[in-house]
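Since the structure comes first, as structure tokens, the remarks are kept for the end.
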Amino acid sequence: MKFFFATILLLGAAGALAQEGWTPSTVAGKPKLNNPRDTSFPVCDKHNGYNSPQIRTTSFPVKYIPDNANPQAGACGGTYGGDAPGICIKPGFVHSGFANHCGAAVELRYNGITLKGKVVDVCGADAGSTMGCNDLFLTQAAFLKFGGDTAVGQLPGKVEWKFIELN
């Protein structure tokens, strides 16, 4: 059985990202290695910092960060909010990862919809957090594109996602 996903392109060209104050932490398609690596949190990426286009599936309920009324400063630098799509992932992919994936492009799939966004923040760093490496939070823009109900605050199913390279 083939599944066809309606693709909603949410990212502009790399130049547009730079104009918004976002600078991907990749060099020639490979993430910039953290040297030294912050060892405060368990690592989520591979030792060389490269993440294959492995499809990850969330297990944690996918919530959103209510940001539309007041853009927020993220751990990746810059602010996000309004209609800026993005995700918030574990520190093990950012400061505690072998590479810093801030600004990395991602593809997300949920309920027949495919979105493209970028890593904008770190979540799940609180003591006692049960958020795993495959889990994420969505910006409000991405949450709404997936048909999320802000009164409920989370999607009723799992989200598939992977790191991608922008051409």
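Counting with mature numbering (1 follows the signal peptide of the UniProt record, and there is no 0), you get residues -18 to -1, 1 to 149 for the letters of the sequence shown.
In this text, a Cβ means the ideal position worked out from N, Cα and C, and glycines have one as well.
GLN122 (DSSP reduced to helix, strand or coil): Residue numbering aside, residue 122 sits at position 140 when the sequence shown is read from its first letter. Three-state DSSP puts GLN122 in a helix.
With 16 other Cβ atoms within 10 Å as the buried cut-off, status of SER78: In the sequence shown, counting from the first residue as 1, residue 78 sits at position 96. Under this definition SER78 is a buried residue.
N- and C-terminal bounds of the beta strand (DSSP E) containing ILE142: Residue numbering aside, residue 142 sits at position 160 when the sequence shown is read from its first letter. Per the sequence shown, residue 142 should be read as Glu rather than Ile. Run containing GLU142: 142 to 145, per the beta strand (DSSP E) assignment.
For GLY74, three-class secondary structure by DSSP: Here residue 74 is taken as the residue at index 92 of the sequence shown, counted from 1. DSSP places GLY74 in helix when its eight states are reduced to three.
Three-state class that DSSP yields for LYS100 in the structure shown: Locating residue 100 in the sequence shown gives position 118, where the first residue counts as 1. In this structure, LYS100 counts as strand in the three-state DSSP scheme.
Backbone secondary structure at LYS45 - three-state DSSP: Position 63 of the sequence shown, counting from 1, holds the residue named residue 45. Reduced to three states, the DSSP call for LYS45 is strand.
Reduced DSSP secondary structure (H/G/I, E/B, other) of LYS14: Counting from 1 along the sequence shown, the entry for residue 14 is found at position 32. In the three-state DSSP reduction, LYS14 falls in the strand class (E or B).
LEU97 versus LYS127 - alpha carbon distance: The count along the sequence shown starts at 1 and reaches residue 97 at position 115. The count along the sequence shown starts at 1 and reaches residue 127 at position 145. The straight-line gap from Cα to Cα measures roughly 8 angstroms.
Residue span of the beta strand (DSSP E) that contains ARG91, given as start and end: Working through the sequence shown from its first residue, we reach residue 91 at position 109. 87 to 92 is the extent of the beta strand (DSSP E) around ARG91.
PRO48 and THR132 closer than 9 angstroms at C-beta: Start at 1 with the first residue of the sequence shown, and residue 48 comes out as number 66. Start at 1 with the first residue of the sequence shown, and residue 132 comes out as number 150. For PRO48 and THR132, yes; Cβs fall inside 9 angstroms.
Classification of THR39 by the beta-carbon crowding that lies within 10 angstroms, buried from 16 upward: For the purposes of this step, residue 39 is taken as residue 57 along the sequence shown, with counting starting at 1. Its Cβ having fewer than 16 others within 10 Å, THR39 is exposed.
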